[in-house]
């Protein structure tokens, strides 16, 4: 009947979920009540993912059982969920259907919650090369980056990392540079894979000993990294397979899809963003990479007709993973583009940690409440802010809402100095509704679009409560001269009916006939009028 959870919760905090479950016709049955969390692996924005049973961490309790003793019983269930990573989650509480249960659509309640977190813990494995020095110089109070040198890459002399490294569980993002898989070792690779499966972010950068050349095929990271890697690509020692690398200068620019993604935003306007990317120094070579699945997004490529893919991004379960073919972004830093260099790396880390919505994103959107009934008016609040977090006025917003069937409604709103609000009313169809807000000022875009969603709960007035209403049945029986009895007394009632021979009682049938509504009444009436007229005529009264 109800699902209660705080819409804004903290990462890695045991969060209570209160659920009221009404069991109808399920007396003396064990009913499992469990928590489901949406799996967005390979799912694009605007599409709903599959709901899977939540994973229990620590003291969380994501499933329990109730045992109703009556056919109409209301139970209160307390679940506890510990989200491992921040972001926007669609969750559901479900009563697992019993065998033979016909009506199952009322067994689940869904809602959307936002998980927040504090600072980001990043661990960076790389050899002693120029790229790592400039990545480590990134200045952001939200990001704590721990650098672990693991040898000298292709220069030889690699030293294995301590295989008993026990504090990897505290990291939110893993960066792996020019480091052979054998240098990290199977124990560390397994620990990294376990953390990514729990929701931590993973980024591998280019190098002579990363990806396939680094021997990452057939390791626990192979299924997580979003590019193709083969065991035959592994390079030993100082041997460099030239067919696995590009050695020419490659000017990196966003793809058409990348222009819409947070990671590739170096300026709040689209035009300014393109201009800044065009001013950056080219990369000095890159790895030859191909995306692993069609759902992997290519966010950056080389300029020109060849369009060599350089930056790949994907969702794997609750985690985000990236593959970057380059390893010389420090060229941007050295050519006077330090702020662009820092912003690019900061945004990649924030995105991997599901923290992009808590950064300097210009456009934002919010829907409250997240659950509404069909036909309800849904308020949508949105706005834009500058680099200092102050609201921007005189902004033209475009609000698009896409329903479960894929139909999109668009509204343009002139923003105020503070937050703006519009109302969406086309909510007859139950399901997920995606809200996308874009903003322009003086014809220039203020950044990439903000996205959120809400849920229209299904309603079935006839079958949401399919159990018999005994009070109503008793009233009908009483008004019609009958009586009611519980099902367990039916056998004794039939026995009594047979014993007393009540089935063969003589019945008296009454028939009501209206005297005026027949042909002979009409005939008599006509004869009477005719006789009266004849007598009056005979007596001379007419």
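Numbering (this note's numbering), first residue to last: 219 to 760.
Built from N, CA and C at the ideal position, the CB exists for glycine as well.
For residue 410, there is no enclosing beta strand (DSSP E); the residue is part of the alpha helix (DSSP H) that begins and ends at 399-415. Rounded to the nearest whole angstrom, the CA to CA distance from residue 363 to residue 561 is 15 Å.
Contact annotation: residue 312 and residue 254 have beta-carbon atoms nearer than 8 Å. Rounded to the nearest whole angstrom, the C-alpha separation of residue 586 and residue 621 is 17 Å. In this chain, the alpha helix (DSSP H) harbouring residue 568 covers 556-570. Under DSSP, residue 328 forms a beta bridge with 310.
When beta bridges are read from the DSSP output, residue 551 appears opposite no residue. Within the segment 574-636, complete beta strand (DSSP E) segments of at least 3 residues are found at 581-585, 596-602, 614-620, 626-632, given in chain order.
Within the same chain, and ignoring the five residues on either side of residue 438 in sequence, the residues whose Cβ sits closer than 7 Å to its Cβ are 407, 408, 411. Residue environment: residue 422 is assigned as buried (16 or more neighbouring CB atoms within 10 Å of its CB, all protein chains considered).
DSSP, read as helix, strand or coil, puts residue 277 in coil. In the assembly as shown, residue 220 is an exposed residue. Its beta-carbon has fewer than 16 other beta-carbons within 10 Å. Residue 549 is classed as buried because its beta carbon has at least 16 other beta carbons within 10 Å across all chains shown. Apart from the 5 residues on each side of it in sequence, residue 471 sits with its Cβ closer than 6 Å to the Cβ of 495, 521 in its chain, given in chain order. Looking at the backbone, the Cα of residue 296 and that of residue 223 are separated by about 11 Å.
The segment 442-450 and the segment 465-484 do not touch, with fewer than three beta-carbon pairs separated by less than 8 Å. The beta-bridge partner set that DSSP reports for residue 342 consists of 365, 393. Note that the C-beta distance between residue 395 and residue 467 is not below 8 Å. Where residue 505 is concerned, the enclosing beta strand (DSSP E) starts and stops at 501-505.
For the beta strand (DSSP E) assignment, the uninterrupted runs of no fewer than 3 residues enclosed by the segment 433-474 are, from N- to C-terminal side, 463-468, 470-472.
As a beta-bridge residue in DSSP terms, residue 269 pairs with 256.
Rounded to whole angstroms, residue 645 and residue 353 show a C-alpha spacing of 47 Å.
Contact between residue 389 and residue 366 does not hold, since the beta-carbon distance rounds to 11 Å and is not under 8 Å.
Only residues of its own chain outside the window of five on either side were considered, and among them 620, 652 have a CB closer than 6 Å to the CB of residue 264, listed in chain order. The bridge partners DSSP lists for residue 673 are 589, 650.
Taking 8 Å as the cut-off, the Cβ atoms of residue 613 and residue 573 do not count as close. DSSP places residue 233 within a strand segment (E or B) once states are collapsed to three. Within the DSSP secondary-structure output, residue 304 pairs in no beta bridge.
Beta-bridge partners of residue 735 (DSSP): none assigned. The closest CA to that of residue 484, considering only 559, 710, 594, is found on 559. Taken through DSSP and simplified to helix, strand or coil, residue 696 comes out as helix. Close CB contacts of residue 248 within its chain, under the 6 Å cut and outside five residues either way in sequence, are with 283, 285 (chain order).
Using a Cβ distance threshold of 8 Å, residue 664 and residue 580 count as a contacting pair.
Sixteen is the threshold: since fewer than 16 other Cβ atoms of the shown chains lie within 10 Å of the Cβ of residue 756, the residue is exposed. Taking C-beta atoms under 8 Å as the contact rule, residue 657 and residue 602 qualify, at a distance of about 5 Å.
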